[in-house]
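A short worksheet on the structure shown next.
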Amino acid sequence: MTWEILNVIGTIAFAVSGALVAIEEDYDLLGVFVLGLTTAFGGGLVRNLLIGIPVENVWKQDYLFAIAFVVITIVFILPNKWIGRWKKCVVFFDAIGLAAFAIQGANYAVSIKAPLIVVIIAATMTGAGGGMIRDVFAGRKPMIFRSEIYALWAALAGLSIGLGWISGPLSTFVLLTAIVLFRVLAVYFKWNLPQKKRSRKQL
Amino acid sequence: MTWEILNVIGTIAFAVSGALVAIEEDYDLLGVFVLGLTTAFGGGLVRNLLIGIPVENVWKQDYLFAIAFVVITIVFILPNKWIGRWKKCVVFFDAIGLAAFAIQGANYAVSIKAPLIVVIIAATMTGAGGGMIRDVFAGRKPMIFRSEIYALWAALAGLSIGLGWISGPLSTFVLLTAIVLFRVLAVYFKWNLPQKKRSRKQL
Amino acid sequence: MTWEILNVIGTIAFAVSGALVAIEEDYDLLGVFVLGLTTAFGGGLVRNLLIGIPVENVWKQDYLFAIAFVVITIVFILPNKWIGRWKKCVVFFDAIGLAAFAIQGANYAVSIKAPLIVVIIAATMTGAGGGMIRDVFAGRKPMIFRSEIYALWAALAGLSIGLGWISGPLSTFVLLTAIVLFRVLAVYFKWNLPQKKRSRKQL
């Protein structure tokens, strides 16, 4: 049940973020649909691969495709000034997708009794897949490698699930909200992690 | 039988398109072979993943590797003026690969009794995989996201198969030819789909 | 046994090469870990996909994650002048990963009695996966498509294994050392393969 809801939330969020990136890049009508669907189901594909769900199961989720279609259509026909107003739109929806799929990855790792470090990495990689696919296809450097702390929030989700702090739908929902909040705050306040100091091109 | 022929056609076409892109990018001898093989079998890998065929089965298709090798060798030794004459070569072979794998994706979706929208998306994503891998590895923006209508033809293949209009090898062959024709015409006449109007970088 | 050792060697080598590329690109602390882990386990994921090992098995290799973590941490805290001194560091560790995974791919292909050409291609593609993922995510053109002979060494590993010249851990280790040596020499002396002569952008 929780799995199913996270799946729907993550898929919708990645679909919206893909469609918004496509509009930013001036793709045409079909390009918006293709990048939206690729991001949503590409993210799910990476998650399925990493946690051993047969990839072709994706085609049995009819309702998810229908929802993604409707959502992308809404993004496409929304007046520009609405989208312009939510300057952080892509970041926001990407954060939701990241959080939803990261929690699924961590839950899977816990279910096979993986040690803590594996739970953390599973959360990070499962969550980051959709955004990576979107950014690579749009010819951008994946968000995860740009500054403003991205993977850390997924890793913290993995940590809290791995330590057994999260159980049941309610605390899962609180965790999801917290990850999205911290990610958006990190972008808003331009939080950054330490870098290894070196002059570029020195190596 | 039809599956096998489409597989051979799609693999050869993607091998040629990969080799041509590698020559365009001034890759060396091995680069041409590697991008040709990566495009051909990467496209098949994406298709296998999406429709649940074990990926490692690819290694059992000895004859396909042999054919791909011969085809890439021919592309490499062909005189430049021949290649120069067929300016649309990459587009043409890419279109054949797109059509062949799109039909396989749609047929699979129909075989599991997926609803129409799923058949259409399966056709598009299965068909687009090879070209996406080629373009990402060559550092280009994937064709599917550039203008001149790309995914639409794969989607229409999915629609016609999903509606049951296509049955038997003959109508499949007609459909394949029609997709390639429309795709080439779209590039030739620079057909475009509507874009969401907005000034770039406004978001 | 040999499999396990090659797995450890390849994973460590790709982890180091990913971390070094991330430092070169001025990624932050987490970026270095994410690109290191993505390269190491992405390479293993491609290998597992291609030779039919369930991808989710990756999460059962606890010790590998621990080793990769330690190794990336060491790379991060090493003084810059050390890294600067080994100018070919990325090339060197990438070559080790390439060689280790190429040998695994070739051994698998031999084990299913694939013909020689398939063994050669399996070696090349299995070996090249990690580096391709690293370079695509770092926004670089994959090493395999730049000059100075890359895929050839993996292909030769495939050839020697396919011909049955390599048996037992000792000769495998000699082969691995030879591939790394030739790759590094190729970069050092700027060996190149023939290119198809044509003026760029002519096509």
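Chains as they are written, first to last, in the UniProt record's numbering: chain A, 1 to 203; chain B, 1 to 203; chain C, 1 to 203.
Beta carbons are placed, not taken as given, at the ideal position from N, Cα and C, and that holds for glycine.
The structure presented is a predicted model; accordingly, all values stated were derived computationally and were not measured.
Kindly indicate the opening and closing residues of the alpha helix (DSSP H) around residue i.
i: residue 111 (chain B); result: 89-111
i: residue 4 (chain C); result: 2-24
i: residue 135 (chain B); result: 116-137
i: residue 142 (chain A); result: No alpha helix (DSSP H) contains residue 142 (chain A), which DSSP labels as neither H nor E.
i: residue 65 (chain C); result: 62-77
i: residue 41 (chain A); result: 29-51
i: residue 162 (chain C); result: 151-162
Count the other C-beta atoms from every protein chain shown that fall within 10 angstroms of the C-beta of residue i, then say buried if there are 16 or more, exposed otherwise.
i: residue 70 (chain A); result: exposed
i: residue 108 (chain A); result: buried
i: residue 56 (chain B); result: buried
i: residue 94 (chain A); result: buried
i: residue 174 (chain B); result: exposed
i: residue 177 (chain A); result: exposed
i: residue 133 (chain B); result: buried
i: residue 192 (chain C); result: exposed
i: residue 168 (chain C); result: exposed
i: residue 54 (chain C); result: exposed
i: residue 3 (chain C); result: exposed
i: residue 165 (chain C); result: exposed
i: residue 77 (chain A); result: exposed
i: residue 202 (chain B); result: Per-residue confidence for residue 202 (chain B) stands at a pLDDT of 43, beneath the threshold of 50, marking its modelled position as unreliable; no derived number is given.
i: residue 74 (chain A); result: exposed
i: residue 14 (chain C); result: buried
i: residue 170 (chain B); result: exposed
i: residue 145 (chain C); result: buried
i: residue 27 (chain B); result: buried
i: residue 189 (chain B); result: exposed
Out of the options, point me to the one whose CA is closest to residue i's CA.
i: residue 29 (chain B); options: C:49, C:24, C:152 and C:188; result: C:152
i: residue 184 (chain B); options: B:149, B:36 and B:34; result: B:149
i: residue 92 (chain B); options: B:16, B:72 and B:51; result: B:16
i: residue 67 (chain B); options: B:165, B:10 and B:192; result: B:10
i: residue 123 (chain C); options: C:154, C:133 and C:170; result: C:154
i: residue 159 (chain A); options: A:47, A:120 and A:79; result: A:120
i: residue 98 (chain A); options: A:171, A:112 and A:40; result: A:40
i: residue 136 (chain C); options: C:43, C:12, C:166 and C:13; result: C:43
i: residue 115 (chain C); options: B:188, B:61 and B:179; result: B:61
i: residue 21 (chain C); options: C:177, C:179 and C:35; result: C:35
i: residue 103 (chain A); options: A:74, A:78, A:126 and A:112; result: A:126
i: residue 182 (chain B); options: B:5, B:96 and B:47; result: B:96
i: residue 18 (chain B); options: B:138, B:162, B:171 and B:64; result: B:138
i: residue 112 (chain B); options: B:162, B:45, B:8 and B:100; result: B:162
i: residue 156 (chain C); options: C:49, C:64 and C:172; result: C:172
i: residue 105 (chain C); options: C:51, C:131, C:188 and C:32; result: C:51
i: residue 8 (chain C); options: C:24, C:65, C:31 and C:27; result: C:65
i: residue 206 (chain A); options: A:189, A:101, A:190 and A:79; result: Residue 206 (chain A) lies beyond the range of chain A shown here (1 to 203); nothing can be said about it.
i: residue 142 (chain C); options: B:5, B:79, B:25 and B:72; result: B:25
i: residue 12 (chain A); options: A:37, A:31, A:32 and A:23; result: A:37
i: residue 5 (chain C); options: C:79, C:63 and C:32; result: C:63
i: residue 72 (chain B); options: B:180, B:46, B:45 and B:23; result: B:23
i: residue 117 (chain A); options: C:90, C:131 and C:59; result: C:59
Check whether the Cβ of residue i sits closer than 7 Å to any heavy atom of the ligand MN, and report yes or no.
i: residue 30 (chain A); result: Although the ligand MN was asked about, the structure shown includes no ligands whatsoever.
Determine the DSSP secondary structure at residue i, reduced to helix, strand or coil.
i: residue 182 (chain A); result: helix
i: residue 171 (chain B); result: helix
i: residue 192 (chain A); result: coil
i: residue 59 (chain C); result: helix
i: residue 203 (chain C); result: Because the pLDDT at residue 203 (chain C) is just 41, under 50, the model does not fix this residue reliably, and the point stays unresolved.
i: residue 187 (chain A); result: helix
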